[in-house]
Amino acid sequence: MPVSELAGSTAVVTGAGRGFGRGVAAELIRAGARVLGLARDREALEKARADLGDAFVPVPGDATDPGLAADLLARHAPRTVVLAAGATPAMLPLQDHTWETFSAAWDTDVRHVFGWSRAALRQPLPPGSTVVAFSSGAALRGSPLSGGYAGAKAAVRFVAAYADGQSRRHGLGIRFTALLPSLAPTTDLGVGAAAAYAAYEGITTEAFVDRMGPLLTPQAAGAAVLELARGQRTDALAYGLSADGLTPLAD
Ligand SMILES: NC(=O)c1ccc[n+]([C@@H]2O[C@H](COP(=O)([O-])OP(=O)(O)OC[C@H]3O[C@@H](n4cnc5c(N)ncnc54)[C@H](OP(=O)(O)O)[C@@H]3O)[C@@H](O)[C@H]2O)c1
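Note that the working numbering has the sequence shown beginning at 102, numbered continuously upward.
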């Protein structure tokens, strides 16, 4: 796929109120895109607009609502769709989870990636568009304190690959990719996870974070998404993501 510029294009980012989603929205805007930013917290979205300017269009709503996904895609035909919304996992040993806490990432992360990918294929989005779904490095290594999170993130990676297969099969020209970031205590979710694993090991959060080395920031996550959205990286269906950037993963 040829490298394309994003200036003047429209993007949708779920989970744009904070964390990686907000970092992705900021980088897309720096690249000249208009970003429809989705999250449930209106105040967080208004703050993002105040910080990022009028190119950020707040869309308060629940990313798991399939009607909202279909409506936004049909009305705006975005060139770039970034699925970064995610439930904050309850950090507990397995026996302290309930089914509700265990399955939270299935009900939000998997459900919304399924709903938006389905809507993107059924509409379909214009050829040359890109859908990036946030999975997690936990999908490769497990995450023993976060219940069903790692399995849900493996399912996100599968859904992106299935969707990409359907796009190829039907000649739609939509590219679906999964990103598997490493643990990053630079977002609310990552801070909570790092604190829980530190406490489990009996060390301070500071000591736990110190030994991680360079940390993946929301800005760096946004820069990695730009590479995918511009078509600069097409060598894999899924990528690991760390402070060092993208690493293509074998299928
Ligand atoms: N940080 C890490 O260490 C890490 C590592 C690997 C993967 N990830 C993944 O990266 C993605 C972003 O994580 P993050 O660390 O940036 O998390 P975060 O700081 O907790 O941000 C999550 C965002 O998702 C939104 N959200 C949650 N449920 C939603 C829903 N039903 N509808 C709409 N928006 C919803 C939240 O806003 P509202 O609550 O206002 O809706 C928030 O804006 C997630 O998929 C996460 O699993 C994170």
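Built from N, CA and C at the ideal position, the CB exists for glycine as well. A quick note: this is a predicted structure, and the numbers were derived from the prediction, not measured.
ask   = Within 7 Å: the Cβ of Leu193 and any heavy atom of ligand 1?
value = Within the sequence shown, the letter at position 92 stands for residue 193. With a cutoff of 7 Å, Leu193 does not count as near ligand 1, since its C-beta is closer than that to no heavy atom of the ligand.
inquiry  = Does the beta-carbon of Ala108, which I'm using as the reference point, lie nearer than 7 Å to any heavy atom of ligand 1?
reply    = Translated into positions along the sequence shown, residue 108 becomes position 7. Not under cutoff, so the answer is no.
Cutoff 6 Å; reference Gln267; Cβ partners in own chain excluding five residues on either side = The sequence position of residue 267 within the sequence shown is 166, counting from 1. Excluding residues within five positions, the ones whose Cβ falls inside 6 Å are Leu222.
query = Are there three or more Cβ pairs, one per stretch, closer than 8 Å when the stretch 282–300 is compared with the stretch 254–274?
reply = Counting Cβ pairs under 8 Å, fewer than three are found: no touch.
message = Given this structure, state the Cα-to-Cα distance separating Arg176 from Thr199, to the nearest angstrom.
response = The residue you call residue 176 lines up with position 75 of the sequence shown. The residue you call residue 199 lines up with position 98 of the sequence shown. Near 39 Å, if we compare the C-alpha coordinates of Thr199 and Arg176.
ask   = Does the separation of the CB atoms of Thr202 and Gly248 fall below 8 Å?
value = By one-based count along the sequence shown, residue 202 stands at place 101. By one-based count along the sequence shown, residue 248 stands at place 147. Judged by beta-carbon spacing, Gly248 lies within the 8 Å limit of Thr202, meaning their Cβ atoms are closer than that value.
request  = Say whether the stretch 124–141 touches the stretch 299–309, bearing in mind that this needs 3 or more beta-carbon pairs closer than 8 Å, one atom from each stretch.
outcome  = When C-beta atoms of the stretch 124–141 are compared with those of the stretch 299–309, fewer than three pairs fall below 8 Å, so the two segments do not count as touching.
message = Across the stretch 308–315 and the stretch 264–280, are there enough close Cβ pairs to call them in contact, namely three or more that are closer than 8 Å?
response = Segment contact: the stretch 308–315 against the stretch 264–280, fewer than three CB-CB distances shorter than 8 Å; contact not assigned.
Continuous alpha helix (DSSP H) assignments of at least 4 residues falling wholly in the stretch 162–223 = Listed in chain order, the complete alpha helix (DSSP H) runs (minimum 4 residues) inside the stretch 162–223 are 167–177, 200–203 and 212–223.
ask   = Who pairs with Ser247 in a beta bridge, going by DSSP?
value = The count along the sequence shown starts at 1 and reaches residue 247 at position 146. When beta bridges are read from the DSSP output, Ser247 appears opposite Leu193.
message = Less than 7 Å separating the Cβ of Gly341 from some heavy atom of ligand 1?
response = Counting from one through the sequence shown, the residue named residue 341 turns up at place 240. Exclusion of Gly341 from the 7 Å shell around ligand 1 follows from its C-beta lying no nearer than that to any non-hydrogen atom of the ligand.
ask   = CA-CA distance, Gly341 and Arg123?
value = Mapped onto the sequence shown, residue 341 falls at position 240. Mapped onto the sequence shown, residue 123 falls at position 22. Cα-Cα distance, rounded: 19 Å.
task = Using 10 angstroms around the beta-carbon of Ala319, count the other beta-carbons present and answer buried if the total reaches 16, otherwise exposed.
result = Start at 1 with the first residue of the sequence shown, and residue 319 comes out as number 218. Just to set this straight, residue 319 is Pro in the shown sequence, not Ala. Pro319 counts as buried, since at least 16 other C-beta atoms from the protein chains shown sit within 10 angstroms of its C-beta.
request  = Leaving out five residues on either side along the sequence, give the residues of the same chain with a beta carbon under 6 Å from the beta carbon of Val136.
outcome  = Here residue 136 refers to the residue found at position 35 of the sequence shown. Hits under 6 Å: Ala112, Val114, Ala126, Leu129, Ile130 and Phe157.
ask   = So Arg334 packs on Leu350, CB below 8 Å; how close in whole Å?
value = What you label residue 334 is simply residue 233 of the sequence shown in a count that begins at 1. What you label residue 350 is simply residue 249 of the sequence shown in a count that begins at 1. The pair is not a contact, with the Cβ atoms about 12 Å apart (cut-off 8 Å).
inquiry  = With H, G and I counted as helix, E and B as strand and the rest as coil, what does DSSP make of Ser237?
reply    = The residue you call residue 237 lines up with position 136 of the sequence shown. Here Ser237 carries a coil assignment [DSSP, helix/strand/coil].
ask   = In three-state DSSP terms, what is Pro228?
value = Counting from 1 along the sequence shown, the entry for residue 228 is found at position 127. Of the three classes helix, strand and coil, the one that applies to Pro228 here is coil, per DSSP.
inquiry  = Per the DSSP calculation, Thr335 is bridged to which residue(s)?
reply    = As a first step, residue 335 is located in the sequence shown; it is residue number 234 there, counting from the start. Looking at the DSSP assignment, Thr335 forms no beta bridge with any residue, so it has no partner.
ask   = Can you name, in chain order, every residue of its own chain whose Cβ lies under 6 Å from the Cβ of Phe215, other than the five neighbours on each side?
value = In the sequence shown, counting from the first residue as 1, residue 215 sits at position 114. Sequence-distant partners of Phe215 (beyond 5 residues in either direction) whose C-beta falls short of 6 Å from its own C-beta, in its chain, are Val260.
message = Can you confirm whether the stretch 230–239 touches the stretch 181–188 when touching is taken to mean that 3 or more C-beta pairs between the two stretches lie within less than 8 Å?
response = Yes: the two stretches touch, three or more of their Cβ pairs being nearer than 8 Å.
message = So for Gly120, helix, strand or coil by DSSP?
response = The residue labelled residue 120 in the question sits at position 19 within the sequence shown. Assigned with DSSP and collapsed to three states, Gly120 falls in helix.
key: Contacting residues, own chain, Cβ-Cβ under 7 Å from Asp345 (five flanking each side not counted)   = Within the sequence shown, the letter at position 244 stands for residue 345. Around Asp345: no qualifying Cβ.
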